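Trainee: Heads up: the sequence shown begins at 37 in our numbering, then just goes up one per residue.
C-beta atoms are modelled at their ideal positions from N, C-alpha and C, and glycine is treated no differently.
In this text the structure is predicted, and so the values were computed from the model without any measurement.
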Amino acid sequence: MPDAVAPSSSPSPSRSRTAAVLVAVALPPLALAAAGLSHPRSLTDDTAMHWRDLHIALLPVFPLLAIAPILLTRRHDRRLGILAVVLGFAYGVCYQALDILAGIAAGALKLEGGQGVTTMYALADGIVVTGVWSYVAVTVLASALVIRHAGLRALPGAVIAVIAAVSFVDSHIFFPRGVITMLGLAVGWTWLALASYGPARPGRASAGPSGAPAADRAEAAA
């Protein structure tokens, strides 16, 4: 008779994956909320250096906001996941332009006397519109797919995420509204991720493998 094998105390792969997703969707907006607490309310001679340096530090962070909607969309629909990647890319590129022009360049120009600051603002405002509305669109897309999977359990998170995404259109991370916006994204995406990786609503669960998320169907096929 073989010796009994003690149960493994290591977390299951599915739990580890869910934990990794929760970190990926919550950490970027939480980091931006923390940064927003020290974001100057306006660009002046006294705040110019901090304004410039803060936006340099945030260059790799703002694009990470697109991780959440891309991950959740691709989990439930691979084809729409392609659209989510396109929208997320548009957001990332355009918001980087805002960060570079209205953040880094404007701060640097202010340190050199201020000539050209308004030009940087105008350029940034013209470019970022596409980016922020792309983010709203991909947020709505991801939220709708999670609601389709989880039902009303996902609705509070969807509402919070969409409201925060719309607020992000013109709030940036300025305190207090921008900070609250980032906290809203963190809460909304965390809620949606938990709903996404939770059980399907009864109607979809009864549909069997075809009603499961795309990622789960792929694992089942393997």
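1) Going along the chain, which residues of its own chain have a beta-carbon closer than 6 Å to the beta-carbon of proline 38, five neighbours each way excluded?
2) For a test of the three-state rule: what should DSSP assign to proline 38, helix, strand or coil?
3) Can you give me the C-alpha to C-alpha distance between leucine 94 and isoleucine 183, rounded to a whole angstrom?
4) With a CB to CB cut of under 6 Å and the five nearest residues on each side skipped, what residues in its chain are close to alanine 194?
5) Tell me whether arginine 77 sits in a helix, a strand or coil according to DSSP, three-state version.
6) Alpha carbon to alpha carbon, what distance is there between lysine 146 and alanine 67?
7) Give me the residue from His86, Ala201, Gly214, Val59 with the minimum Cα distance to tyrosine 127.
8) With distances taken from CA atoms, which of Leu107, Ser50, Gly72, His208 is nearest threonine 175?
9) Measure the CB-CB distance between serine 203 and threonine 217 and report whether it falls below 9 Å.
10) Under the three-state reduction of DSSP, which class applies to proline 238: helix, strand or coil?
11) Tell me whether the beta-carbon of tyrosine 131 lies closer than 9 Å to the beta-carbon of tyrosine 157.
12) Please classify serine 246 as buried or exposed, where buried requires at least 16 other C-beta atoms within 10 Å of its C-beta.
13) Would you be able to state if there are at least three C-beta pairs under 8 Å between the region 79–95 and the region 134–142?
14) Thinking alanine 336 and valine 164 are a contact (beta carbons under 8 Å), I'd like their distance in whole angstroms, please.
15) With distance defined between alpha-carbon atoms, name the residue in Gly187, Arg213, Ala71, Leu219 nearest to serine 232.
16) State the DSSP-derived secondary structure class of aspartate 113, mapped to helix, strand or coil.
17) Rounded to a whole number of angstroms, what is the C-alpha to C-alpha distance between alanine 62 and aspartate 81?
18) Distance check for arginine 110 and valine 168, CA to CA, integer angstroms please.
19) Does the beta-carbon of proline 64 have 16 or more other beta-carbons within 10 angstroms, so that it is buried, or is it exposed?
Mentor: According to the structure data:
1) Low local confidence applies: a pLDDT of 38 at proline 38 is under 50, so the model's placement there is unreliable, with the coordinate-based value given in what follows. None.
2) With a pLDDT of 38 at proline 38, under the threshold of 50, the modelled position of that residue is not reliable, and the figure given next carries that caveat. In the structure shown, proline 38 sits in coil (DSSP, three-state: anything other than H, G, I, E or B).
3) About 32 Å.
4) Residues of the same chain with a CB within less than 6 Å of the CB of alanine 194, apart from the 5 flanking positions on each side, are Ser179, Ile183 in chain order.
5) Here arginine 77 sits in coil by DSSP.
6) Between the alpha carbons of alanine 67 and lysine 146 lies a gap of roughly 26 Å.
7) If we check each option's Cα against that of tyrosine 127, Ala201 comes out closest.
8) For threonine 175, the nearest C-alpha among the options comes from Leu107.
9) With respect to the 9 Å criterion, serine 203 and threonine 217 are classified as neighbours on the basis of their beta carbons.
10) Of the three classes helix, strand and coil, the one that applies to proline 238 here is helix, per DSSP.
11) Result no, Cβ atoms of tyrosine 131 and tyrosine 157 do not sit closer than 9 Å.
12) Confidence in serine 246 is poor, its pLDDT being 41 and thus under 50, which makes the residue's placement too unreliable to answer from.
13) Counting Cβ pairs under 8 Å, three or more are found: they touch.
14) Given that the chain is displayed from residue 37 to residue 258, the structure contains no residue 336 and the question cannot be resolved.
15) For the set Gly187, Arg213, Ala71, Leu219, the Cα lying nearest the Cα of serine 232 is the one of Gly187.
16) Of the three classes helix, strand and coil, the one that applies to aspartate 113 here is coil, per DSSP.
17) Cα to Cα, alanine 62 sits roughly 34 Å from aspartate 81.
18) For valine 168 and arginine 110, the distance between alpha carbons rounds to 20 Å.
19) Buried, because 16 or more other Cβ atoms sit within 10 Å of the Cβ of proline 64.
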